[in-house]
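Student: So the sequence lines, in the order shown, correspond to chains A and B.
So for the first sequence, the working numbering puts the first residue at 1; every next one is plus one.
So for the second sequence, the working numbering puts the first residue at 1001; every next one is plus one.
Every residue gets a Cβ at the ideal spot worked out from N, C-alpha and C, and that includes glycine.
Bear in mind the structure is a predicted one, so any value in this text is a computation, not a measurement.
Quick one: the structure is below, and I'll ask about it shortly.
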Amino acid sequence: MTTGDASAMSTLYDRYAPGLLGMALRITREHADAEEVVVDTFAQAWREAARFETGRGSVAAWLVTIARSRALDLIRARSRRGKLADAAEAETSAPAAMGSGFASPMAGVLATERSRKIQDALLVLPDAQRIAIELAYFDGLSQSEIAERLNEPLGTVKTRLRLGLRKMRDLVEALGPGGNT
Amino acid sequence: MSNLPNDPMVELVEEYVLGMLEGAELATFEARLTTDPALARRVQESRATLADFALSTPVAVPSHLKERVMAHAVRIAEAPAPLVVTPVTPIRAPRPSRTPIWLGLGLAASLAFVAIQSRDLVREREATAAAQALATRTAATLAERDSLLARLIDPGVELVTLASTGAAKPTVRVYLNQSRKSALLTIASLDAAPAGKVYQLWFIVDGAPVPSVTFQTDALGRALIEGVVLPAGAVAASAVTMEPTGGSTAPTTPILFVGAVKAE
């Protein structure tokens, strides 16, 4: 392995690891698991770099997709092992709002200007839409499961997800080209 | 075209990027994606939005994590030399306010805006270059895979799938090459052994268990162990038990998985 290749991985890591770790922590709610997700994410990126096509999406979206899949697999495996009680206990101390940065007091320090703006923009989303998106994205729940969790009709959940994500897209686009993507 | 307001495919973009489409609906959507650039662009935009959303709460990264990530990459590439990490300064410069404080400084603000856009472009190019550099290293990984594949499809290889003796349904497969006295072990969906314990592979020769390698699974329950040396004599079966760290010379716990080698 040449120094240049290590630098490539190092550059990707320095740029995305804090955000990926925050996301993984949000999903797994356990530091050790979140770190495992980050390690696995970069390992998979390394293995599958040849399949990455710049024309089909950003590096950030690629890494995030890998990390989310890994994290959800991990919590599903944990659930199968009957550790749901631990997760539920952790959940009671975790704020429901995405923008609150539950993972660490350092989150506010580490957040880039752009991520702060994104968090601010997300506050514009109605709570019902934001919660539906968070349950889908961070908890990996199906639409039926979200409907059951929120005691809402399935059609209402579908609409909230669709409208919420579209509004989020408009808000993020309004911020202009970003550092993340 | 997918940009028509009532296109049913457009209505499914959000569900698709959230991974909520299944079955025929998913197949139809993905088929349409291959022929509809406007729909593909919309999917790409939604994924970028979710990436922004997902990455918007960065946290402090422990110093040991980067070492683990880099070491893992080295293991994958099976590089013989220890990795030397070139320090890279993180780019964390805050973006200045979009609104100029002094109207008289409009020109300066414009220049600053151009500089910010350029910096974002540079960042994106750096990230893309980094990803493409990784791609070049994949060739070496693929060569390793070719070598592994060659070992697996050797005419002398026979596959032994070890059946679980418990309720769980992990997959343990042993690729035996008796003529070369070597084996390769793949494990899937097997929970990691608890602290102080490891899994141990056994070969049954002349009716007695002969100890082989110990192993542990990763967070996803997987493991791949290459270069397992077969004991002398004809291997009649393989088995897996859970043993104390370091392994045992004779099984100390019940057999978890066992599979017989087909008679010649």
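Run the CB neighbour count on residue 1066/B, radius 10 Å, all protein chains shown included, and call it buried at 16 or more, exposed below.
Tutor: Flag for residue 1066/B reads buried.
Student: Hey, would you say residue 8/A sits closer than 8 angstroms to residue 1134/B, going by beta carbons?
Tutor: Yes, these two residues count as a Cβ contact at 8 angstroms.
Student: Within 10 Å of its beta-carbon, does residue 1181/B have 16 or more other beta-carbons around it, so buried, or fewer, so exposed?
Tutor: By the 10 Å Cβ count, residue 1181/B comes out exposed.
Student: Ignoring anything shorter than 3 residues, give me the beta strand (DSSP E) runs that lie fully in the stretch 1187-1222 of chain B, in order along the chain.
Tutor: You should have 1197-1205 and 1208-1215.
Student: What is the rounded straight-line gap between the Cα of residue 50/A and the Cα of residue 1069/B?
Tutor: If I take the Cα positions, the gap works out to 19 angstroms.
Student: Going along chain A, which residues have a C-beta under 9 angstroms from residue 1066/B?
Tutor: Within chain A, the residues near residue 1066/B are 10, 13, 14 and 17.
Student: Taking residue 157/A as part of the alpha helix (DSSP H), name the residues at either end of that continuous run.
Tutor: Note, residue 157/A: alpha helix (DSSP H), 154-174.
Student: Could you have a look at residue 1266/B and say whether DSSP puts it in helix, strand or coil?
Tutor: Residue coverage of chain B in this structure runs from 1001 to 1264, which leaves residue 1266/B outside it and unanswerable.
Student: Can you give the Cα-Cα distance for residue 61/A and residue 1017/B, rounded to whole angstroms?
Tutor: Using only the alpha carbons, I get a separation of about 11 angstroms.
Student: What does residue 169/A touch in chain B if you count any residue whose Cβ is under 7 angstroms from its own?
Tutor: In chain order: 1045, 1046 and 1049.
Student: Which residue comes first and which comes last in the beta strand (DSSP E) that contains residue 1174/B?
Tutor: Note, residue 1174/B: beta strand (DSSP E), 1171-1177.
Student: Check whether the Cβ of residue 145/A lies closer than 8 angstroms to any Cβ atom in chain B.
Tutor: Residue 145/A does not count as touching chain B.
Student: Can you pull out the residues from the stretch 125-149 of chain A whose beta carbon lies closer than 7 angstroms to at least one beta carbon of chain B?
Tutor: Within the stretch 125-149 of chain A, the residues whose Cβ lies closer than 7 angstroms to some Cβ of chain B are 136, 137, 142 and 143, listed in chain order.
Student: Below 7 angstroms on C-beta distance, what does residue 1056/B contact in chain A?
Tutor: 115, 118 and 119, listed in chain order.
Student: Nearest to residue 58/A by alpha carbon, out of 1050/B, 1063/B, 1207/B and 1250/B?
Tutor: Nearest of 1050/B, 1063/B, 1207/B and 1250/B to residue 58/A, Cα basis: 1050/B.
Student: Answer with yes or no whether the minimum CB distance from residue 36/A to chain B is below 8 angstroms.
Tutor: Yes, contact with chain B.
Student: So which of 1219/B, 1220/B, 1232/B and 1029/B has the shortest CA-CA distance to residue 1212/B?
Tutor: Comparing Cα-Cα distances from residue 1212/B to each of 1219/B, 1220/B, 1232/B and 1029/B, the minimum goes to 1232/B.
Student: Let me check understanding here. Comparing Cα to Cα, which of 46/A, 160/A, 142/A and 75/A lies closest to residue 128/A?
Tutor: Nearest C-alpha to residue 128/A: 160/A.
Student: Identify whether residue 37/A lies in helix, strand or coil by the three-state DSSP scheme.
Tutor: In this structure, residue 37/A counts as helix in the three-state DSSP scheme.
Student: Which two residues bound the contiguous beta strand (DSSP E) that contains residue 1238/B?
Tutor: 1235-1244 is the span of the beta strand (DSSP E), which, as asked, contains residue 1238/B.
Student: Would you call the stretch 1030-1048 of chain B in contact with the stretch 7-23 of chain A, where contact means no fewer than 3 C-beta pairs closer than 8 angstroms?
Tutor: Judged by Cβ distances under 8 angstroms, the stretch 1030-1048 of chain B makes no contact with the stretch 7-23 of chain A, as fewer than three pairs qualify.
Student: Does the Cβ of residue 1149/B have 16 or more other Cβ atoms within 10 Å, making it buried, or fewer, making it exposed?
Tutor: That one is exposed.
Student: Against chain B, does residue 174/A count as a neighbour if the rule is that its beta carbon must be under 8 angstroms from one of theirs?
Tutor: No, its Cβ sits nowhere closer than 8 angstroms to a Cβ of chain B.
Student: Answer with buried or exposed for residue 20/A, where buried requires no fewer than 16 other C-beta atoms within 10 angstroms of its C-beta.
Tutor: With 16 or more other Cβ atoms within 10 Å, it is buried.
Student: Taking residue 68/A as the reference, give the member of 123/A, 47/A and 36/A with the closest Cα.
Tutor: For the residues 123/A, 47/A and 36/A, the minimum Cα distance to residue 68/A belongs to 36/A.
Student: Looking at the C-beta of residue 1261/B, does it have a partner C-beta in chain A at a distance below 8 angstroms?
Tutor: Output row for residue 1261/B: interface = no.
Student: Could you list which residues in chain A have their beta carbon closer than 8 angstroms to that of residue 1131/B, in chain order?
Tutor: Under the 8 angstroms cutoff, chain A gives 8, 12, 45, 49, 52, 54, 59 and 62.
Student: Name the chain A residues whose beta carbon is nearer than 7 angstroms to that of residue 1031/B?
Tutor: Correct list: empty, because the minimum Cβ distance to chain A is about 16 angstroms.
Student: Mapping the DSSP letters down to three states, classify residue 1257/B as helix, strand or coil.
Tutor: Strand.
Student: When the Cα atoms are used, what is the spatial distance from residue 18/A to residue 114/A?
Tutor: Near 14 angstroms, if we compare the C-alpha coordinates of residue 114/A and residue 18/A.
Student: Answer with yes or no whether the minimum CB distance from residue 1135/B to chain A is below 8 angstroms.
Tutor: Closer than 8 angstroms to some Cβ of chain A, the Cβ of residue 1135/B qualifies, so yes.
Student: Between residue 1082/B and the rest of its own chain, which residues show a CB-CB distance below 7 angstroms, the 5 nearest in sequence each way excluded?
Tutor: With a pLDDT of 38 at residue 1082/B, under the threshold of 50, the predicted position of this residue should be treated as unreliable, though the coordinate-derived value follows. For residue 1082/B, where only same-chain residues beyond five positions count, there are no Cβ hits under 7 angstroms.
Student: Please check if any C-beta of chain A sits within less than 8 angstroms of the C-beta of residue 1127/B.
Tutor: So yes, residue 1127/B belongs to the interface.
Student: Between the alpha carbons of residue 1073/B and residue 1008/B, how many angstroms are there, rounded?
Tutor: So the alpha carbons of these two residues sit roughly 43 angstroms apart.
Student: By Cβ distance below 8 angstroms, which residues in the same chain neighbour residue 1252/B in space, the five residues on each side in sequence not counted?
Tutor: Excluding positions up to five away in sequence, the list reads 1241, 1243 and 1244.
Student: Do you know how far the Cα of residue 122/A is from the Cα of residue 1047/B?
Tutor: Answer to the nearest angstrom: the Cα atoms are 16 angstroms apart.
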